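Engineer: So the sequence shown is residues -22 to -1, 1 to 237, counted in mature numbering (1 follows the signal peptide of the UniProt record, and there is no 0).
Yeah, the Cβ is synthetic: ideal placement off N, Cα and C, and Gly gets one too.
Just so we're clear, the structure is a prediction, and the values are computed from it rather than from any experiment.
Sharing a structure with you now.
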Amino acid sequence: MNIKWLTLPALALLCYTTGASAKEWKELRLGVNPSYPPFESTTADGGVQGFGVDLGNAICAELKLTCVWVSNDFDGLIPALKAGKFDAIESSMTVTEPRKKQIDFTDRLYASPTAIVTRKDSGLLPTAESLRGKTLGYMQGTIQETYARARLAPGGVKLRAYQNQDQVYADLVYGRLDASIQDKLQAQMSFLTSPQGADFQNSEGIGDPLVPSDIAIGIRKDNEELKGMLNAAIKALHDKGIYAQIQRKYFGDLDLYNN
């Protein structure tokens, strides 16, 4: 078997894989929804950039593989992964029990709570009582959608789904929404620091089992070889200080891994 494309993490995995023929990896295709800065967004030339993208590229470099980014709507990432459109999902995907029934996940990449964004003078809180009769926007396919449908809609909150996060913020600015719900750090580091977000604020993080905070890379079920490779690469990024360098580039002294 030609193993020239396999790196140490993959070779180590082979050592305890009896009777299995490992795939000869040359590239790693990563599915991404590039509408969630500073984690994933589109560059002027049509490429992708952001904290998650840098982590993905660093993982590929550690494994000595070519990184290929495949853009996809967020709510279609899991179906596309299962259909073989790409090898893994690296797109700010939170680890949840429903998702774990469909796909597997690597070790944690980072953590971030969920919050709502409202105008500073609105007095609105992230509760059904406070938001009753108000319109709340979210990106479809997210854990925030699950939470809004289960916890807020029954209390009289009006919900509106969007294909990407930029559309959510645009309608919030134009007054078509009273609030939006998303990853707290994403809102803080992108929308709230922009001129359009000057009159808005984040709520406190929402503590609820429907909106856990751990983010990881999604992979197809029973792909233990790739899972082992990715976990070994993630550990290496921490051990070598590469993770800390990338984190500092986007978030300064914030410990995103233990956030």
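Report back the beta-carbon spacing between Tyr116 and Ile56 to the nearest angstrom; my notes put them in contact at under 8 Å.
Structural biologist: Going by Cβ atoms, the distance from Tyr116 to Ile56 rounds to 17 Å, so no, they are not a contact pair.
Engineer: Assuming Leu208 contacts Ala66 (C-beta within less than 8 Å), just tell me the rounded distance between them.
Structural biologist: 7 Å
Engineer: Measuring CB to CB, does Pro104 end up less than 8 Å from Ile184?
Structural biologist: A contact, by the Cβ cut-off of 8 Å.
Engineer: Consult DSSP for Ser(-2) and reduce its assignment to one of helix, strand or coil.
Structural biologist: Residue placement at Ser(-2) cannot be trusted, given a pLDDT of 37 that sits under 50; what the coordinates show is reported in the next sentence. Coil, per DSSP.
Engineer: Please state whether DSSP places Gly30 in a helix, a strand or coil.
Structural biologist: helix
Engineer: With H, G and I counted as helix, E and B as strand and the rest as coil, what does DSSP make of Val189?
Structural biologist: coil
Engineer: Quick one: give me the first and last residue of the alpha helix (DSSP H) that Val146 is part of.
Structural biologist: 143 to 151
Engineer: So the beta strand (DSSP E) Gly115 belongs to, where does it begin and stop?
Structural biologist: 113 to 117
Engineer: Taking the beta carbon of Asn180 as the centre, do at least 16 other beta carbons fall within 10 Å, making it buried, or is it exposed?
Structural biologist: buried
Engineer: For the alpha helix (DSSP H) containing Gly206, list its first residue and its last residue.
Structural biologist: 202 to 217
Engineer: DSSP on Asp53, reduced to helix/strand/coil?
Structural biologist: Here Asp53 sits in helix by DSSP.
Engineer: Exposed or buried, what is Tyr125 when buried is set at 16 or more other beta-carbons lying within 10 Å of its beta-carbon?
Structural biologist: buried
Engineer: So if DSSP puts Glu5 in a beta bridge, which residue, or which two residues, is it bridged to?
Structural biologist: Thr44
Engineer: Tell me whether the beta-carbon of Ile41 lies closer than 8 Å to the beta-carbon of Lys4.
Structural biologist: Looking at the sequence provided, one finds Leu at residue 41 rather than Ile. Going by C-beta atoms, Leu41 is not nearer than 8 Å to Lys4.
Engineer: By the DSSP assignment, the beta strand (DSSP E) with Ile94 in it spans what residues?
Structural biologist: Boundaries of the beta strand (DSSP E) around Ile94: 92 to 97.
Engineer: What is the C-beta distance between Ala157 and Thr72, in whole angstroms, given that I count them as a contact (C-beta under 8 Å)?
Structural biologist: No, Ala157 and Thr72 are not in contact; Cβ-Cβ is about 20 Å, not under 8 Å.
Engineer: Check each candidate in Gly30, Lys112, Ala106, Gln143 and name the one with the smallest Cα separation from Gln118.
Structural biologist: Gln143
Engineer: If you draw a straight line from the alpha carbon of Gly34 to that of Pro12, how long is it in whole angstroms?
Structural biologist: 13 Å
Engineer: Would you report the Cα separation of Ala93 and Gln122, rounded to the nearest angstrom?
Structural biologist: 9 Å
Engineer: Exposed or buried, which one is Pro15 when buried takes at least 16 other CB atoms within 10 Å?
Structural biologist: buried
Engineer: Spatial neighbours of Arg110 within its chain, please: C-beta separation below 8 Å, excluding the five flanking residues on both sides.
Structural biologist: Gly133, Gly134, Val135
Engineer: Using 8 Å as the threshold, is the C-beta distance between Ser90 and Val10 below it?
Structural biologist: no
Engineer: Per the contact definition of three or more C-beta pairs closer than 8 Å, is the stretch 19 to 34 in contact with the stretch 73 to 85?
Structural biologist: no
Engineer: Can you name the start and end residues of the alpha helix (DSSP H) that Lys227 belongs to?
Structural biologist: 220 to 229
Engineer: Just the Cα atoms here: how many angstroms apart are Ala222 and Lys162?
Structural biologist: 21 Å
Engineer: Under 8 Å between the Cβ atoms of Leu170 and Leu137?
Structural biologist: Taking 8 Å as the Cβ cut-off, Leu170 and Leu137 do not qualify as a contacting pair.
Engineer: Going by DSSP, what residue range makes up the beta strand (DSSP E) through Ser19?
Structural biologist: Boundaries of the beta strand (DSSP E) around Ser19: 18 to 20.
Engineer: Helix, strand or coil, according to DSSP, for Asn180 in the structure here?
Structural biologist: strand
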